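Heads up: take any position in the sequence shown, counting from 1, add 31, and you land on the working numbering. Every residue, glycine too, gets a C-beta built ideally from N, C-alpha and C. What you are looking at is a predicted structure, and each value in this text was computed from that prediction instead of being measured. In what follows, a structure is listed as structure tokens, so that the remarks can point back to it.
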Amino acid sequence: KSTAHSILETLSHYGLLERDAATKTYRLGYGLFELGNLVADRMEVRQVAQPFLRDLAQAVEETVFLGVFRDDHVIIVDKEESPHDVKITSPLGRRIPHCAGAFGKVFHAAMPESDLDRLIKRKGLRAFTVFSLTDADAYRTELEQVRSLGYALDREEYLAEVRAGGAPVVNAHNQVVAALCVVGFSSRLPDTRLEQVAQQVRQAAEEVSRRLGARGYPAWDGIG
């Protein structure tokens, strides 16, 4: 009985249940409705983005990932793999660090400065490779460029010999709800091609955003 009571108290604390003091019974809480809406939003992003992932992967011949930002991590929620036999891949559901490569830059660019400051102080900027940006001021300068260009570049900053280009997926509230990211080996993504691929990623992300009701692109009004 005490275990069941503890579970009910926990669910009530998070708004998933509400207790009626008069009848001493429980009913579904508003938090459950919010959670349902959150799941529905994520499903909608995946459904809208999927054909664009497929088309983009075919066009650039590299793996395309769709990621969301949750609990200080980027989570891979969908992907379309490169047609090459040797390619970059990752399981769905994989969590990667908040500051990992192009994904991290896209989501960080959308954060309010105060939130970003707290995150960097709490988690730091890790040195994944010799090319990783670990100086906070230099990193913020990079984010300014991301906001200006509408896409982020990763030049072996997360994985050695791997490069990436990412762009934000924006909802009707101008919030970044996801990011598209093309990832491939450096040998296939020299500087000029990496820039071209990143621009293609931006175009695909913009189309997904328009279908989600985005009024402007790119937009950096927080993370949704």
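Taking C-alpha positions only, D116 is separated from E93 by approximately 11 Å. G98 counts as buried, since at least 16 other C-beta atoms from the protein chains shown sit within 10 angstroms of its C-beta. Looking at the DSSP output, H104 bridges to R101, P128.
With respect to V137, G197 sits close: the two C-beta atoms are nearer than 8 Å.
By DSSP's assignment, L184 forms a beta bridge with G196. In the three-state DSSP reduction, R246 falls in the coil class, being neither helix nor strand. Shown here, D146 sits in a helix according to DSSP, grouped into three states.
Inter-residue distance for G255 and A53 is about 37 Å (C-alpha atoms, whole angstroms).
When C-beta atoms of the region 184-199 are compared with those of the region 146-154, fewer than three pairs fall below 8 Å, so the two segments do not count as touching.
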